Structures are given as C-alpha cells and as structure tokens.
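J.: Residues 1 to 89 (my numbering) make up the sequence shown, in order. No residue lacks a Cβ here, since even glycine has one placed at the ideal position from N, Cα and C. Predicted, not measured: the structure shown is a model, and the values here were computed from it.
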Amino acid sequence: MGCWMNLVDPASNARVRIEVKDGEIVFPKDAVGKMAVAEGRFVKIELTREQAIERARHEAEENKKPFDPPSITGPVTIYQIQGSGAVIE
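Here it is in structure tokens:
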C-alpha cells in the first residue's frame, strides 16, 4: 500500500511511476499484475545527486531491499505521472 505505483506495459516492460499526495489515494499491494488506468500530469523531475540518493534510499526501505549510495553517481532526471485518479481492474 502506498501513494505511488509503477505502471508497466506488459509488451515492452516499459514503466512509468504514478505518484499522488500522501492520503489522497492509496494503491493496494494486491494491484500487482492487474490492469490499471491512470490520469494526471506527466512531469519531468530533475534531482541533484543528494536528492536522488535520498529518493533511492526511501524506495529501498519501502521495498525492504539493500541500497548502495555510491551507485548513484550524479544528478538524475525522472519522468512520472502526478496522479489525479486511477482505476485498478
């Protein structure tokens, strides 16, 4: 459960993250593998190396995975959907 999830195209394995403000929408863990339709604004986010490290650290903690800060070598640009709604079938 959380305020974000990755949407994955099954044909190409391309993925994009949809994120909403905490508490607005909670994406259930059992949504994995289900079809989803999302709407929102597609945005470009530029992170400094320090911001990228903190984001990656947070994601690793959420996913209970190890994290190696030196693996982030510089600034990072990410694209995501600032979600305003989603339906999971």
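Is it right to say residue 27 is buried, meaning 16 or more other beta carbons lie within 10 angstroms of its own, or is it exposed?
T.: Under this definition residue 27 is a buried residue.
J.: Going straight from the alpha carbon of residue 25 to that of residue 55, what length do you get?
T.: Cα to Cα, residue 25 sits roughly 20 Å from residue 55.
J.: With DSSP as the reference, please indicate the residues paired to residue 23 in a beta bridge.
T.: Note: residue 23 sits in no beta bridge, so no partner.
J.: Do you know how far the Cα of residue 2 is from the Cα of residue 74?
T.: One C-alpha to the other measures close to 27 Å.
J.: What does a CB cutoff of less than 6 Å around residue 53 pick up in its chain, not counting 5 residues either side in sequence?
T.: 69 and 72, listed in sequence order.
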